[in-house]
Amino acid sequence: MSSRQTKGGNGVATIKDIARVAGVSTATVSMVLNGKDCITKKTKEKVMAAAREVDYIPSIAAKSLKTKRSYTIALFVGDIANPFFPEIIKGVEAAAKDRNYSVIIYDLSGQDQDFVEQIDKAASQKVDGFFITGSTQISEEAKKRLLMIADSGIKMISCNRFMEWGEFPLIYTSEGEQVDGLLSKLAALGHKHIGCISGYPEYWVAERREDFYRKTLEQYGLYHPEYIVNGGFFIEDGIRNTKKLLKEQPQITAVMCVNDTLAIGCNAAARELGLKVPEDLSIFGVDGVECLKYFAPQITTVDTHRYEYGYKGTVRLIELIEDDGSRKQELLETMVCSCSIQQGDTIAPPRKEKYENEEREIKEER
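UniProt numbering numbers the first residue of the sequence shown as 1 and each following residue consecutively.
Here you go:
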(Lines of atoms letter the chains of each structure in order from A and count residues from 1; the text may use other names and numbers.)
(Lines give C-alpha, C1' and ligand atoms only; values in the text may rest on other atoms or scores of the structure.)
Protein backbone atom coordinates (compact mmCIF):
# COMPACT_ATOMS: atom_id res chain seq x y z
CA MET A 1 0.00 0.00 0.00
CA SER A 2 1.42 3.42 -0.94
CA SER A 3 1.74 6.23 1.56
CA ARG A 4 -0.94 8.10 -0.40
CA GLN A 5 -3.41 5.29 0.27
CA THR A 6 -2.68 5.28 3.98
CA LYS A 7 -3.46 8.97 4.42
CA GLY A 8 -6.72 10.67 5.32
CA GLY A 9 -9.16 11.97 2.73
CA ASN A 10 -7.40 15.35 2.28
CA GLY A 11 -4.06 13.70 1.50
CA VAL A 12 -2.43 14.95 4.73
CA ALA A 13 -1.18 12.27 7.11
CA THR A 14 -2.51 12.34 10.67
CA ILE A 15 -1.69 10.42 13.84
CA LYS A 16 -4.66 8.19 13.04
CA ASP A 17 -2.90 7.16 9.83
CA ILE A 18 0.29 6.43 11.79
CA ALA A 19 -1.65 4.40 14.36
CA ARG A 20 -3.34 2.35 11.64
CA VAL A 21 -0.04 1.52 9.89
CA ALA A 22 1.82 0.83 13.14
CA GLY A 23 -1.02 -1.19 14.64
CA VAL A 24 -1.14 0.84 17.85
CA SER A 25 -3.52 3.33 19.46
CA THR A 26 -3.55 7.03 18.64
CA ALA A 27 -2.67 7.68 22.31
CA THR A 28 0.52 5.64 21.88
CA VAL A 29 1.40 7.55 18.71
CA SER A 30 0.82 10.84 20.53
CA MET A 31 3.09 9.83 23.40
CA VAL A 32 5.88 8.76 21.03
CA LEU A 33 5.67 11.96 18.98
CA ASN A 34 5.74 14.03 22.19
CA GLY A 35 8.88 12.30 23.46
CA LYS A 36 7.33 10.55 26.46
CA ASP A 37 9.58 8.02 28.19
CA CYS A 38 6.88 5.47 29.07
CA ILE A 39 6.92 3.78 25.64
CA THR A 40 9.25 0.88 24.81
CA LYS A 41 12.05 1.35 22.31
CA LYS A 42 10.53 -1.27 19.97
CA THR A 43 7.17 0.52 19.91
CA LYS A 44 8.83 3.90 19.35
CA GLU A 45 10.75 2.52 16.38
CA LYS A 46 7.56 1.01 14.91
CA VAL A 47 5.65 4.28 15.29
CA MET A 48 8.46 6.39 13.80
CA ALA A 49 8.78 3.97 10.86
CA ALA A 50 5.03 4.28 10.27
CA ALA A 51 5.28 8.08 10.46
CA ARG A 52 7.95 8.06 7.76
CA GLU A 53 5.90 5.67 5.63
CA VAL A 54 2.86 7.96 5.59
CA ASP A 55 5.02 11.11 5.19
CA TYR A 56 3.73 12.55 8.47
CA ILE A 57 4.68 16.19 9.08
CA PRO A 58 3.96 17.43 12.61
CA SER A 59 2.14 20.73 12.79
CA ILE A 60 4.02 22.78 15.36
CA ALA A 61 1.71 25.71 14.73
CA ALA A 62 -1.39 23.66 15.54
CA LYS A 63 0.31 22.15 18.56
CA SER A 64 1.34 25.59 19.82
CA LEU A 65 -2.21 26.92 19.51
CA LYS A 66 -3.47 24.01 21.56
CA THR A 67 -0.84 24.11 24.31
CA LYS A 68 0.13 27.81 24.11
CA ARG A 69 3.76 26.76 23.82
CA SER A 70 6.31 27.40 21.07
CA TYR A 71 8.27 24.20 21.77
CA THR A 72 11.44 26.26 21.53
CA ILE A 73 14.28 26.78 24.02
CA ALA A 74 16.74 29.68 24.07
CA LEU A 75 20.31 28.55 24.83
CA PHE A 76 22.65 31.32 26.02
CA VAL A 77 26.35 30.40 25.84
CA GLY A 78 29.26 32.48 27.12
CA ASP A 79 31.28 32.37 23.90
CA ILE A 80 30.41 30.05 21.05
CA ALA A 81 34.06 30.04 19.88
CA ASN A 82 35.23 28.64 23.22
CA PRO A 83 35.95 24.86 23.00
CA PHE A 84 34.18 24.45 26.35
CA PHE A 85 30.72 24.92 24.82
CA PRO A 86 30.28 22.53 21.84
CA GLU A 87 29.60 19.47 24.02
CA ILE A 88 27.03 21.40 26.09
CA ILE A 89 25.33 22.53 22.88
CA LYS A 90 25.26 18.94 21.58
CA GLY A 91 23.69 17.74 24.84
CA VAL A 92 21.06 20.48 24.83
CA GLU A 93 20.12 19.89 21.19
CA ALA A 94 19.95 16.09 21.64
CA ALA A 95 17.62 16.35 24.64
CA ALA A 96 15.46 18.94 22.89
CA LYS A 97 15.23 16.79 19.75
CA ASP A 98 14.22 13.75 21.80
CA ARG A 99 11.29 15.76 23.15
CA ASN A 100 10.35 17.56 19.92
CA TYR A 101 11.67 20.97 20.96
CA SER A 102 13.82 23.33 18.90
CA VAL A 103 16.84 25.29 20.17
CA ILE A 104 17.88 28.85 19.35
CA ILE A 105 21.49 29.61 20.32
CA TYR A 106 22.49 33.06 21.57
CA ASP A 107 26.20 33.93 21.80
CA LEU A 108 27.08 36.06 24.85
CA SER A 109 30.66 36.86 23.88
CA GLY A 110 29.91 40.55 23.50
CA GLN A 111 29.29 43.27 26.09
CA ASP A 112 26.70 43.13 28.85
CA GLN A 113 24.28 45.28 26.89
CA ASP A 114 24.37 42.60 24.19
CA PHE A 115 23.16 40.09 26.78
CA VAL A 116 20.22 42.30 27.72
CA GLU A 117 19.32 42.67 24.04
CA GLN A 118 19.61 38.91 23.50
CA ILE A 119 17.32 38.28 26.48
CA ASP A 120 14.70 40.63 25.04
CA LYS A 121 15.03 39.10 21.58
CA ALA A 122 14.53 35.56 22.92
CA ALA A 123 11.50 36.63 24.96
CA SER A 124 9.97 38.35 21.94
CA GLN A 125 10.26 35.10 19.99
CA LYS A 126 8.03 33.51 22.63
CA VAL A 127 10.44 30.75 23.61
CA ASP A 128 9.29 28.47 26.44
CA GLY A 129 12.53 28.36 28.40
CA PHE A 130 16.02 29.80 28.89
CA PHE A 131 19.10 27.59 29.35
CA ILE A 132 21.84 29.93 30.59
CA THR A 133 25.49 28.87 30.75
CA GLY A 134 28.91 30.46 30.48
CA SER A 135 31.27 32.76 32.31
CA THR A 136 29.75 36.13 31.38
CA GLN A 137 28.79 38.13 34.44
CA ILE A 138 25.15 39.09 34.80
CA SER A 139 24.61 42.80 35.47
CA GLU A 140 21.89 44.22 37.68
CA GLU A 141 19.98 45.33 34.59
CA ALA A 142 20.16 41.81 33.12
CA LYS A 143 19.09 40.27 36.45
CA LYS A 144 16.08 42.58 36.60
CA ARG A 145 15.13 41.69 33.03
CA LEU A 146 15.48 37.95 33.66
CA LEU A 147 13.27 38.14 36.76
CA MET A 148 10.59 40.03 34.83
CA ILE A 149 10.70 37.44 32.05
CA ALA A 150 10.54 34.58 34.57
CA ASP A 151 7.46 36.20 36.10
CA SER A 152 5.86 36.16 32.65
CA GLY A 153 6.02 32.36 32.61
CA ILE A 154 9.26 31.56 30.78
CA LYS A 155 11.17 28.85 32.69
CA MET A 156 14.92 29.06 33.28
CA ILE A 157 17.82 26.84 34.30
CA SER A 158 21.37 27.94 35.08
CA CYS A 159 24.34 25.74 34.25
CA ASN A 160 27.58 26.39 36.20
CA ARG A 161 26.41 29.92 36.86
CA PHE A 162 25.10 30.59 40.36
CA MET A 163 21.91 32.66 40.20
CA GLU A 164 20.91 32.88 43.85
CA TRP A 165 18.84 35.98 43.18
CA GLY A 166 16.07 34.09 41.40
CA GLU A 167 14.00 30.93 41.64
CA PHE A 168 16.01 28.99 39.08
CA PRO A 169 17.33 25.43 39.35
CA LEU A 170 21.10 25.22 39.15
CA ILE A 171 23.04 22.42 37.50
CA TYR A 172 26.74 22.20 38.26
CA THR A 173 29.63 19.75 38.28
CA SER A 174 31.20 18.06 41.29
CA GLU A 175 34.82 18.47 40.19
CA GLY A 176 36.10 19.16 43.72
CA GLU A 177 36.92 15.51 44.43
CA GLN A 178 38.92 15.11 41.21
CA VAL A 179 40.78 18.42 41.70
CA ASP A 180 41.65 17.27 45.21
CA GLY A 181 42.90 13.95 43.80
CA LEU A 182 45.20 15.57 41.23
CA LEU A 183 46.59 18.11 43.72
CA SER A 184 47.16 15.32 46.24
CA LYS A 185 49.00 13.35 43.55
CA LEU A 186 51.27 16.32 42.87
CA ALA A 187 52.03 16.64 46.57
CA ALA A 188 52.74 12.89 46.84
CA LEU A 189 55.15 13.11 43.86
CA GLY A 190 57.19 15.71 45.77
CA HIS A 191 55.93 19.02 44.42
CA LYS A 192 56.19 21.63 47.17
CA HIS A 193 55.40 24.71 45.10
CA ILE A 194 52.13 24.37 43.18
CA GLY A 195 50.68 27.42 41.45
CA CYS A 196 47.19 28.24 40.20
CA ILE A 197 46.25 30.02 36.97
CA SER A 198 42.70 31.26 37.56
CA GLY A 199 40.08 33.41 35.85
CA TYR A 200 38.46 36.58 37.09
CA PRO A 201 38.04 36.23 40.87
CA GLU A 202 34.48 37.60 40.83
CA TYR A 203 33.33 34.77 38.56
CA TRP A 204 31.66 31.91 40.39
CA VAL A 205 33.46 29.05 38.60
CA ALA A 206 36.90 30.58 39.22
CA GLU A 207 36.04 31.26 42.86
CA ARG A 208 34.85 27.67 43.41
CA ARG A 209 37.89 26.07 41.80
CA GLU A 210 40.32 28.37 43.60
CA ASP A 211 38.61 27.28 46.83
CA PHE A 212 39.22 23.60 45.96
CA TYR A 213 42.88 24.48 45.35
CA ARG A 214 43.24 26.33 48.65
CA LYS A 215 41.51 23.71 50.82
CA THR A 216 43.50 20.80 49.41
CA LEU A 217 46.91 22.44 49.62
CA GLU A 218 46.22 23.72 53.14
CA GLN A 219 45.95 20.08 54.20
CA TYR A 220 49.57 19.55 53.12
CA GLY A 221 50.88 22.92 54.34
CA LEU A 222 51.55 23.90 50.72
CA TYR A 223 49.09 26.76 50.23
CA HIS A 224 50.60 30.13 49.27
CA PRO A 225 48.11 32.82 48.17
CA GLU A 226 50.86 34.53 46.16
CA TYR A 227 50.99 31.46 43.92
CA ILE A 228 47.58 32.36 42.42
CA VAL A 229 47.35 34.57 39.33
CA ASN A 230 43.93 35.83 38.21
CA GLY A 231 42.66 37.31 34.97
CA GLY A 232 40.80 35.86 32.00
CA PHE A 233 39.81 32.38 30.88
CA PHE A 234 41.32 32.06 27.40
CA ILE A 235 44.53 30.66 25.91
CA GLU A 236 46.24 34.04 25.68
CA ASP A 237 45.37 34.68 29.35
CA GLY A 238 46.98 31.36 30.25
CA ILE A 239 50.15 32.28 28.35
CA ARG A 240 50.40 35.74 29.90
CA ASN A 241 49.62 34.69 33.47
CA THR A 242 51.88 31.63 33.41
CA LYS A 243 54.81 33.81 32.36
CA LYS A 244 53.94 36.30 35.10
CA LEU A 245 53.64 33.57 37.75
CA LEU A 246 56.89 31.82 36.85
CA LYS A 247 58.78 35.11 36.66
CA GLU A 248 57.61 36.09 40.16
CA GLN A 249 57.73 32.55 41.61
CA PRO A 250 60.42 30.60 39.68
CA GLN A 251 60.42 27.83 42.32
CA ILE A 252 57.02 26.60 41.13
CA THR A 253 57.16 23.10 39.62
CA ALA A 254 53.45 22.42 39.02
CA VAL A 255 50.38 24.43 38.03
CA MET A 256 46.63 23.87 38.32
CA CYS A 257 44.60 25.78 35.73
CA VAL A 258 40.92 26.41 36.50
CA ASN A 259 39.91 25.54 32.93
CA ASP A 260 41.42 23.80 29.93
CA THR A 261 41.94 26.83 27.72
CA LEU A 262 44.15 28.30 30.46
CA ALA A 263 45.97 24.94 30.64
CA ILE A 264 46.60 25.07 26.88
CA GLY A 265 48.02 28.57 27.36
CA CYS A 266 50.11 27.41 30.32
CA ASN A 267 51.57 24.59 28.22
CA ALA A 268 52.40 27.02 25.41
CA ALA A 269 54.03 29.49 27.84
CA ALA A 270 56.20 26.72 29.31
CA ARG A 271 57.42 25.85 25.81
CA GLU A 272 58.19 29.52 25.08
CA LEU A 273 60.16 29.74 28.32
CA GLY A 274 62.23 26.71 27.37
CA LEU A 275 60.62 24.45 29.99
CA LYS A 276 59.72 20.82 29.31
CA VAL A 277 56.29 19.54 30.33
CA PRO A 278 56.05 17.59 32.61
CA GLU A 279 59.79 17.31 33.43
CA ASP A 280 60.16 20.99 34.39
CA LEU A 281 56.52 21.87 34.94
CA SER A 282 53.53 19.62 35.66
CA ILE A 283 50.16 20.95 34.46
CA PHE A 284 46.51 20.01 34.73
CA GLY A 285 43.27 21.71 33.74
CA VAL A 286 39.56 21.34 34.39
CA ASP A 287 36.67 20.64 31.96
CA GLY A 288 37.90 17.92 29.57
CA VAL A 289 37.52 19.81 26.28
CA GLU A 290 37.66 17.59 23.20
CA CYS A 291 40.69 19.25 21.59
CA LEU A 292 43.08 18.28 24.41
CA LYS A 293 43.57 14.84 22.84
CA TYR A 294 45.32 16.51 19.90
CA PHE A 295 48.02 18.17 22.01
CA ALA A 296 51.41 16.62 22.69
CA PRO A 297 51.93 16.09 25.51
CA GLN A 298 48.24 15.44 26.15
CA ILE A 299 47.13 17.64 29.03
CA THR A 300 45.71 15.93 32.13
CA THR A 301 42.31 17.33 33.07
CA VAL A 302 39.14 16.84 35.07
CA ASP A 303 36.41 15.85 32.63
CA THR A 304 33.17 17.60 33.64
CA HIS A 305 31.05 15.58 31.18
CA ARG A 306 29.55 18.66 29.58
CA TYR A 307 27.34 16.73 27.14
CA GLU A 308 25.74 15.00 30.13
CA TYR A 309 24.82 18.15 31.98
CA GLY A 310 23.70 19.86 28.78
CA TYR A 311 21.35 16.93 28.19
CA LYS A 312 20.17 16.54 31.80
CA GLY A 313 19.73 20.28 32.23
CA THR A 314 17.55 20.45 29.13
CA VAL A 315 15.42 17.53 30.31
CA ARG A 316 14.91 19.37 33.61
CA LEU A 317 14.05 22.61 31.80
CA ILE A 318 11.44 20.87 29.63
CA GLU A 319 9.98 19.19 32.70
CA LEU A 320 9.63 22.65 34.27
CA ILE A 321 7.96 23.97 31.12
CA GLU A 322 5.46 21.10 31.01
CA ASP A 323 4.86 20.83 34.77
CA ASP A 324 1.36 21.66 36.01
CA GLY A 325 2.77 22.86 39.32
CA SER A 326 2.63 19.53 41.12
CA ARG A 327 6.42 18.97 40.84
CA LYS A 328 7.60 22.56 41.20
CA GLN A 329 9.74 22.18 44.34
CA GLU A 330 11.27 18.93 43.12
CA LEU A 331 12.17 20.44 39.75
CA LEU A 332 13.75 23.53 41.33
CA GLU A 333 16.26 21.43 43.26
CA THR A 334 19.95 21.72 42.37
CA MET A 335 21.35 19.06 40.04
CA VAL A 336 24.93 17.85 40.55
CA CYS A 337 26.68 15.99 37.70
CA SER A 338 29.62 13.65 38.19
CA CYS A 339 33.15 14.20 36.87
CA SER A 340 36.16 12.00 36.16
CA ILE A 341 39.91 12.41 35.69
CA GLN A 342 41.07 12.30 32.08
CA GLN A 343 44.64 11.08 32.31
CA GLY A 344 47.20 12.80 30.14
CA ASP A 345 50.98 13.11 30.03
CA THR A 346 51.54 16.37 31.91
CA ILE A 347 52.01 15.23 35.52
CA ALA A 348 55.35 13.87 36.78
CA PRO A 349 57.69 14.23 39.78
CA PRO A 350 59.70 17.48 39.89
CA ARG A 351 63.24 17.36 38.52
CA LYS A 352 65.57 16.04 41.21
CA GLU A 353 68.21 18.72 40.69
CA LYS A 354 65.62 21.51 40.93
CA TYR A 355 64.20 19.98 44.10
CA GLU A 356 67.71 19.71 45.66
CA ASN A 357 68.57 23.31 44.73
CA GLU A 358 65.33 24.49 46.29
CA GLU A 359 66.06 22.61 49.54
CA ARG A 360 69.59 24.05 49.63
CA GLU A 361 68.30 27.61 49.20
CA ILE A 362 65.77 27.13 52.02
CA LYS A 363 68.51 25.85 54.38
CA GLU A 364 70.77 28.78 53.50
CA GLU A 365 67.98 31.25 54.25
CA ARG A 366 67.55 29.63 57.68
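We treat Cβ as the ideally placed atom computed from N, Cα and C, and that holds for glycine.
Please read these numbers as outputs of a predicted model, since none were measured by experiment.
Of the listed residues the options, nearest to residue i (C-alpha basis)
i	options	result
E175	L320, C291, T304 and I299	T304
L183	C257, E117 and S139	C257
Y294	R306, K44, C337 and P83	P83
E141	A263, I157 and D120	D120
Q219	V29, K42 and A187	A187
T334	F168, R69 and I88	F168
A270	D287, G288 and I299	I299
I264	L317, V54, P297 and L147	P297
F233	Q329, R214 and G134	G134
P86	S124, K243, G288 and A268	G288
T72	A268, K215 and S102	S102
D222	I194, V302, R209 and E210	Reading off the sequence shown, one finds Leu at residue 222, where the question assumed Asp. Among I194, V302, R209 and E210, the Cα nearest to that of L222 belongs to I194.
A254	L147, S124 and L275	L275
R145	G310, R327, V54 and Q118	Q118
K185	N259, S25 and Q343	Q343
T216	A122, D260 and C196	C196
R209	A95, V277, E330 and N259	N259
E290	K143, T242, K192 and K90	K90
E322	Y56, K243 and S70	S70
N100	S124, K36, Q125 and K244	K36
K126	E202, T242 and K68	K68
Alpha-carbon to alpha-carbon, residue j and residue i
i	j	result
Q132	R351	Before going further, note that residue 132 is Ile rather than Gln in the sequence given. Those two C-alpha atoms are separated by around 44 Å.
G153	E226	47 Å
W204	D107	19 Å
residue 367	M156	Outside the displayed span of the chain (1 to 366) sits residue 367, for which this structure offers no information.
I88	E272	32 Å
A49	A22	8 Å
D151	I252	51 Å
E207	N230	10 Å
S139	G199	18 Å
V286	R52	43 Å
G129	L320	9 Å
I104	D79	15 Å
L332	T301	30 Å
I15	M148	38 Å
A13	C159	40 Å
D345	A268	15 Å
T20	A74	Strictly speaking, residue 20 in this sequence is Arg, with Thr absent from that position. Spanning the two alpha carbons is a distance of roughly 36 Å.
F115	I39	40 Å
Y311	A95	5 Å
C266	E248	15 Å
A122	E279	50 Å
P250	D211	23 Å
A61	K97	Its pLDDT being 43, under 50, A61 is placed unreliably by the model, and nothing is read from it.
P349	V277	11 Å
K244	K143	35 Å
A27	I18	11 Å
E330	R316	10 Å
D324	I318	12 Å
N241	P201	14 Å
A81	S25	46 Å
Coarse secondary structure for residue i, derived from DSSP in three states
i	result
G153	coil
L108	coil
I80	coil
A61	Bear in mind that the predicted position of A61 carries a pLDDT of just 43, short of 50, making it too unreliable to give a figure here.
F115	helix
V103	strand
V184	It should be noted that the sequence gives Ser, not Val, for residue 184. Helix, per DSSP.
S139	coil
I39	coil
I347	coil
G176	helix
T72	strand
G129	strand
S198	coil
S30	helix
S158	strand
Whole-angstrom C-beta distance between residue j and residue i, which should lie under 8 Å
i	j	result
I239	S282	Not quite, the Cβ-Cβ distance comes to about 17 Å (not below 8 Å), so this is no contact.
V77	T314	Not confirmed; about 13 Å, so no contact.
G181	I341	6 Å
V32	K44	5 Å
T261	I228	17 Å between Cβ atoms; not a contact.
C337	I171	7 Å
V47	V29	6 Å
T173	Y309	7 Å
Within-8 Å CB hit, residue i to chain B
i	result
M148	In summary, chain B is missing from the structure at hand, where a single protein chain is found.
Could you pull out every unbroken beta strand (DSSP E) segment of at least 3 residues lying fully inside the region 268 to 344, listed in chain order? 282 to 287, 300 to 303, 335 to 337 and 340 to 342
So within the region 204 to 275, which uninterrupted alpha helix (DSSP H) runs reach at least 4 residues, ignoring any that extend past its ends? 204 to 219, 235 to 248 and 260 to 272
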